[in-house]
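Some notes on the structure that comes next.
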Amino acid sequence: ISSEWGLRMKRISVELARDGAPPDIGHAGKEHSLAEVINQTANIRRMLDVLLWIRSDESGLKNHLVGVCHPSTSSGPKDDPETDLELSHHGVKSAKFEVTDVVGNKDGNNKEATDLKKLGFINEITKTANKPLSEVPKHRGFLVVSEELGKVMTGKKRWWRSDYPPVVRYELQESGSSTLIFEVFSI
């Protein structure tokens, strides 16, 4: 019985209240996986941390406008998907953020690489793709992660941060609550 606990917990559903709900919250049905609700809550918490940081003078983004904000999932067309949060300044995209709910000490779904590609900092998600981008992104890029994933990202050598040649580097911008905000730089 105890060996099945995790499987049972993963399959627990949460009943979603729909009466009087605003139409812009989506129409995913009346039930949702408890695990997914917890993950979405973690993403929303990190998104709030990012928005608070953006309002600070240290961010350099205080006067930028939010153009896109998907606190629980990204959206947009497949050929040009939107990131979780996009800012603009004077009508030009100035910053893109990918927010992740990964809290473990490994990146089993390769979320880091997927997010780097979505932000425009790597071309492919393969071990042989460590070639420079043909065009460096004009916007600032950020990965917003848990402390646990932050340790994995900065401690593990990935091909995009290898010595032959590195494609990106990270700079920690904020460490608030359990949220880490890394700015991504093309090399």
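Heads up, the sequence shown is in our numbering, so the first residue is 1220 and it goes up one at a time. Virtual Cβ for every residue (Gly too), placed ideally from N, Cα, C.
Between the Cα of valine 1387 and those of Thr1373, Val1285, Ser1278, Trp1224, spot the shortest distance and give me the residue it belongs to.
Thr1373
Taking the Cβ atom as the reference point for each residue, do lysine 1330 and leucine 1368 lie within a distance shorter than 9 Å?
yes
Under a Cβ-count criterion, where at least 16 other Cβ atoms within 10 Å of its own Cβ denotes burial, should threonine 1319 be classed as buried or exposed?
buried
Nearest-angstrom beta carbon gap, histidine 1283 and leucine 1304 [assumed within contact, 8 Å]:
So it is not a contact: roughly 11 Å between Cβ atoms.
Less than 6 Å between C-beta atoms, sequence neighbours within five positions excluded: which residues of the same chain meet that for valine 1355?
Ser1405
Quick check on DSSP: helix, strand or coil for valine 1269?
helix
On the three-state DSSP scale, how would you describe valine 1371?
helix
So does the stretch 1266 to 1273 actually touch the stretch 1225 to 1237, counting three or more Cβ pairs closer than 8 Å?
No, they do not touch.
Who are the near neighbours of glutamate 1250 in its chain, counting only those whose CB is closer than 7 Å to its CB and skipping five residues on each side?
Ser1232, Val1233, Glu1234, Leu1235
May I have the straight-line CA-CA distance separating leucine 1335 from glutamine 1392, to the nearest angstrom?
So the alpha carbons of these two residues sit roughly 17 Å apart.
For threonine 1302, tell me which candidate among Glu1317, His1308, Gly1279, Tyr1389 has the shortest Cα-Cα distance.
Answer by Cα proximity: Glu1317.
Straight-line Cα distance separating lysine 1229 from phenylalanine 1401:
30 Å
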